[in-house]
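Engineer: As they're listed, the protein sequences go chains W and U.
Numbering-wise (the numbering used here), the first sequence opens with residue 1 and increments by one.
Numbering-wise (the numbering used here), the second sequence opens with residue 114 and increments by one.
Note that the Cβ used here is the ideal one computed from N, Cα and C, for glycine as well.
Submitted below is the structure of interest, expressed as structure tokens.
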Amino acid sequence: ETGVTQTPRHLVMGMTNKKSLKCEQHLGHNAMYWYKQSAKKPLELMFVYNFKEQTENNSVPSRFSPECPNSSHLFLHLHTLQPEDSALYLCASSQGGRGHEQYFGPGTRLTVT
Amino acid sequence: GENVEQHPSTLSVQEGDSAVIKCTYSDSASNYFPWYKQELGKRPQLIIDIRSNVGEKKDQRIAVTLNKTAKHFSLHITETQPEDSAVYFCAASNPQGGSEKLVFGKGTKLTVNP
Chain W
1 ETGVTQTPRH LVMGMTNKKS LKCEQHLGHN AMYWYKQSAK KPLELMFVYN
51 FKEQTENNSV PSRFSPECPN SSHLFLHLHT LQPEDSALYL CASSQGGRGH
101 EQYFGPGTRL TVT
Chain U
114 GENVEQHPST LSVQEGDSAV IKCTYSDSAS NYFPWYKQEL GKRPQLIIDI
164 RSNVGEKKDQ RIAVTLNKTA KHFSLHITET QPEDSAVYFC AASNPQGGSE
214 KLVFGKGTKL TVNP
């Protein structure tokens, strides 16, 4: 599969569970991003990685923990989430630097019960 | 930090009419302004972008204008078609630091009625 892929596509978890979201990009990009998209809010940037280094943490609670082992893979580790964390989590990648198109994955629809 | 306001939140037009979506931004240092289209159940996709050294850019039926002095930019879609129905997001790029930080507007749901 080409472009940006995300797994799983849907996830239901309890507040005491631990789960991870995975993102993989096949575009040779250097930068990867996590966004949260909920019904009543715009796309919210969570984390940015450039060349595997985290360059942005947009005041995200510690129950969300990102990991970027290489430029092609990005994870979001989840633990002790709250119901208000239910949302669509989108991964994106770009060539890096500034002013480059971001390519989005299909997203993971997360429901916290 | 940067703040992006987008209006209207919903827009309904007849097929063939034009549609205009407007955004304002707060940080005068922002220099990159993309527009993304998100169809129902699908991922956002870039449709057009503009940089601060350009006042207008066109791509077939889509155009974007930028007024740096007033800190606003607009998306214009002419001869709208039903397949243009989607949510459109504007964004502004805060150039501080070495990473790309896009701040998005809340989105405009465009409905094109046949």
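Would you list, in chain order, the members of the region 65-78 of chain W that have their beta-carbon closer than 7 Å to a beta-carbon of chain U?
Structural biologist: none
Engineer: So, does the CB of Gly168(U) fall closer than 8 Å to a CB anywhere in chain W?
Structural biologist: Position 55 of the second sequence holds residue 168(U). It does not; no Cβ of chain W falls within 8 Å.
Engineer: Can you tell me whether Asp130(U) is helix, strand or coil according to DSSP?
Structural biologist: Start at 1 with the first residue of the second sequence, and residue 130(U) comes out as number 17. Here Asp130(U) sits in coil by DSSP.
Engineer: Return the CA-CA distance between Leu188(U) and Glu196(U), expressed in angstroms with no decimal places.
Structural biologist: Locating residue 188(U) in the second sequence gives position 75, counting from the first residue. Locating residue 196(U) in the second sequence gives position 83, counting from the first residue. Roughly 16 Å between the two C-alpha positions.
Engineer: Between the beta-carbon of Pro83(W) and the beta-carbon of Val112(W), is there less than 8 Å?
Structural biologist: Taking the first sequence and counting its residues from 1, the one referred to as residue 83(W) is at position 83. Taking the first sequence and counting its residues from 1, the one referred to as residue 112(W) is at position 112. Val112(W) is positioned such that its CB atom lies closer than 8 Å to that of Pro83(W).
Engineer: Under 8 Å, Cβ to Cβ, is there at least one residue of chain W near Pro157(U)?
Structural biologist: The count along the second sequence starts at 1 and reaches residue 157(U) at position 44. Flagged as an interface residue toward chain W: Pro157(U), by a C-beta distance shorter than 8 Å.
Engineer: Give, in chain order, every residue of the region 95-109 of chain W whose Cβ lies closer than 9 Å to some Cβ of chain U.
Structural biologist: Gly96, Gly97, Arg98, Gly99, His100, Glu101, Gln102, Tyr103, Phe104, Gly105, Pro106, Gly107
Engineer: Could you tell me which residues DSSP pairs with Thr55(W) in its beta bridges?
Structural biologist: Position 55 of the first sequence, counting from 1, holds the residue named residue 55(W). DSSP lists no partner for Thr55(W).
Engineer: Here's the rule: buried if 16 or more other CB atoms are within 10 angstroms of the residue's CB, otherwise exposed. What is Ala204(U)?
Structural biologist: Residue numbering aside, residue 204(U) sits at position 91 when the second sequence is read from its first letter. Classification of Ala204(U): buried, given that the 10 Å Cβ count is 16 or more.
Engineer: Spatial neighbours of Gly104(W) within its chain, please: C-beta separation below 6 Å, excluding the five flanking residues on both sides.
Structural biologist: Within the first sequence, the letter at position 104 stands for residue 104(W). Reading off the sequence shown, one finds Phe at residue 104(W), where the question assumed Gly. Same-chain partners within the cutoff: Leu90, Ala92.
Engineer: Leaving aside the five residues before and after Thr191(U) along the sequence, list all residues of the same chain whose C-beta is less than 6 Å from its C-beta, in chain order.
Structural biologist: Indexing the second sequence from 1 puts residue 191(U) at position 78. Same-chain partners within the cutoff: Ser131, Arg174.
Engineer: Assuming contact is defined by CB atoms lying nearer than 8 Å, are Leu215(U) and Gln37(W) in contact in what I supplied?
Structural biologist: Here the question's residue 215(U) lines up with position 102 in the second sequence. Here the question's residue 37(W) lines up with position 37 in the first sequence. Their beta carbons are not under 8 Å apart, which means Leu215(U) does not touch Gln37(W) by this criterion.
Engineer: Please list, in chain order, the chain U residues whose beta carbon lies closer than 7 Å to that of Ala87(W).
Structural biologist: Here residue 87(W) refers to the residue found at position 87 when the first sequence is read from its first residue. Correct list: empty, because the minimum Cβ distance to chain U is about 14 Å.
Engineer: Tell me where the beta strand (DSSP E) around Ser65(W) begins and ends.
Structural biologist: Working through the first sequence from its first residue, we reach residue 65(W) at position 65. 64-70 is the span of the beta strand (DSSP E), which, as asked, contains Ser65(W).
Engineer: State the start and end residues of the unbroken beta strand (DSSP E) segment that holds His29(W).
Structural biologist: To locate residue 29(W), count along the first sequence from 1; it is residue 29. Per DSSP, His29(W) belongs to no beta strand (DSSP E) and is neither H nor E.
Engineer: Compare the Cα-Cα distances from Thr5(W) to each of Val12(W), Leu74(W), Lys18(W) and report the closest residue.
Structural biologist: On the first sequence, residue 5(W) is found 5 positions in, with the first residue counted as 1. Measuring from the Cα of Thr5(W), the nearest candidate turns out to be Leu74(W).
Engineer: Would you call Thr182(U) buried or exposed, if buried means 16 or more other Cβ atoms sit within 10 Å of its Cβ?
Structural biologist: One-based indexing of the second sequence puts residue 182(U) at position 69. With fewer than 16 Cβ atoms within 10 Å of its Cβ, Thr182(U) is classed as exposed.
Engineer: Checking 8 Å against the spacing of the C-beta atoms, do Leu45(W) and Asn58(W) come in under that value?
Structural biologist: Numbered from its first residue, the first sequence carries residue 45(W) at position 45. Numbered from its first residue, the first sequence carries residue 58(W) at position 58. Their beta carbons are under 8 Å apart, which means Leu45(W) touches Asn58(W) by this criterion.
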